[in-house]
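Only one structure is covered here, and it is reproduced in the block below.
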Amino acid sequence: MEHNQFQHPVRVLVGLGFPTNIQSVKDAFVLLDEWPPSKRNPAHGVALNACRAALAGEVDAETARSTFIAFARRMDLLVPDAGDIVAAKAVGAFGAASTGPYNKPM
Numbered sequence: 001m002e003h004n005q006f007q008h009p010v011r012v013l014v015g016l017g018f019p020t021n022i023q024s025v026k027d028a029f030v031l032l033d034e035w036p037p038s039k040r041n042p043a044h045g046v047a048l049n050a051c052r053a054a055l056a057g058e059v060d061a062e063t064a065r066s067t068f069i070a071f072a073r074r075m076d077l078l079v080p081d082a083g084d085i086v087a088a089k090a091v092g093a094f095g096a097a098s099t100g101p102y103n104k105p106m
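Heads up: the sequence shown is residues 1 to 106, going by UniProt numbering.
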């Protein structure tokens, strides 16, 4: 595996909400570099700097991936894993299972 490849791709929404896989530091850097200046925030700056450092060999790809995920989550771009969706449907609004002996209607 190339040293700038992510161990697991990060799935984000781009354009008009189309999902795409960000598979490497370079992919993340390109997305961050093209991000509109008016929508940049501190999370963007941290992620962009981490990607620059990873491309320069100063930090590992997984460090850059973590900061990119934080940016994507903050901007509501992160596409949840299928397992997360299934788990969310099984959990009620207050974090308890939606069915079972302790969740009877009052």
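All residues carry an ideal CB built from backbone N, CA and C; glycine is no exception.
{"Check": "Using DSSP bridges, identify the partner residues of serine 24.", "Outcome": "Gln5"}
{"Check": "By the three-class DSSP mapping on this structure, what secondary structure does valine 59 have?", "Outcome": "coil"}
{"Check": "Taking the C-alpha atoms as reference points, what is the distance between asparagine 21 and proline 9?", "Outcome": "6 Å"}
{"Check": "Are the Cβ atoms of leucine 48 and aspartate 27 separated by less than 8 Å?", "Outcome": "no"}
{"Check": "How many angstroms separate the CA atom of leucine 13 from the CA atom of alanine 56?", "Outcome": "27 Å"}
{"Check": "Can you say whether arginine 65 is buried or exposed, counting buried as having 16 or more other CB atoms within 10 angstroms of its CB?", "Outcome": "buried"}
{"Check": "Note down the Cα distance separating proline 42 from alanine 70, rounded to an integer number of angstroms.", "Outcome": "11 Å"}
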